[in-house]
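Visitor: This structure is in structure tokens; I'll ask about it shortly.
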Amino acid sequence: MKTTNRLTFAVVLIAGALTAACSPEVGSEEWCADMKDKPKGDWTANEATDFAKHCILG
Numbered sequence: 090m091k092t093t094n095r096l097t098f099a100v101v102l103i104a105g106a107l108t109a110a111c112s113p114e115v116g117s118e119e120w121c122a123d124m125k126d127k128p129k130g131d132w133t134a135n136e137a138t139d140f141a142k143h144c145i146l147g
């Protein structure tokens, strides 16, 4: 049973790493465009601050 748990953990860890690698860098033109398309109600406080800093004031 321990081997199955370790395998599951490894698969989840790898999937998370691959998903995170697909996100554009904060402040890049692609990131700003993605944020403009994302509903404002779904933004986090950090995303709103970064958007203002990099995309509006930048």
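Read in order, the letters of the sequence shown are residues 90 to 147 in the working numbering.
Heads up, the beta-carbon is just placed ideally off N, CA and C, and yes, glycines get one too.
Keep in mind the model is a prediction, meaning the values are calculated, not measured.
With a 10 Å radius around its C-beta and 16 neighbouring C-beta atoms as the bar for buried, classify phenylalanine 165 as buried or exposed.
Guide: Outside the displayed span of the chain (90 to 147) sits residue 165, for which this structure offers no information.
Visitor: Hey, quick one: how far does the alpha helix (DSSP H) through glutamate 119 stretch, first residue to last?
Guide: Translated into positions along the sequence shown, residue 119 becomes position 30. Here the alpha helix (DSSP H) through glutamate 119 covers 118-126.
Visitor: Is the shortest distance between the beta-carbon of isoleucine 145 and the beta-carbons of chain B less than 8 Å?
Guide: Note that chain B does not occur in the displayed structure, where there is just one protein chain.
Visitor: Could you tell me the distance, in whole angstroms, from the CA atom of valine 100 to the CA atom of serine 112?
Guide: Here residue 100 refers to the residue found at position 11 when the sequence shown is read from its first residue. Here residue 112 refers to the residue found at position 23 when the sequence shown is read from its first residue. Taking the straight line from one Cα to the other gives about 19 Å.
Visitor: Between the alpha carbons of tryptophan 132 and leucine 146, how many angstroms are there, rounded?
Guide: The residue you call residue 132 lines up with position 43 of the sequence shown. The residue you call residue 146 lines up with position 57 of the sequence shown. Rounded to whole angstroms, tryptophan 132 to leucine 146 spans 18 Å at the Cα level.
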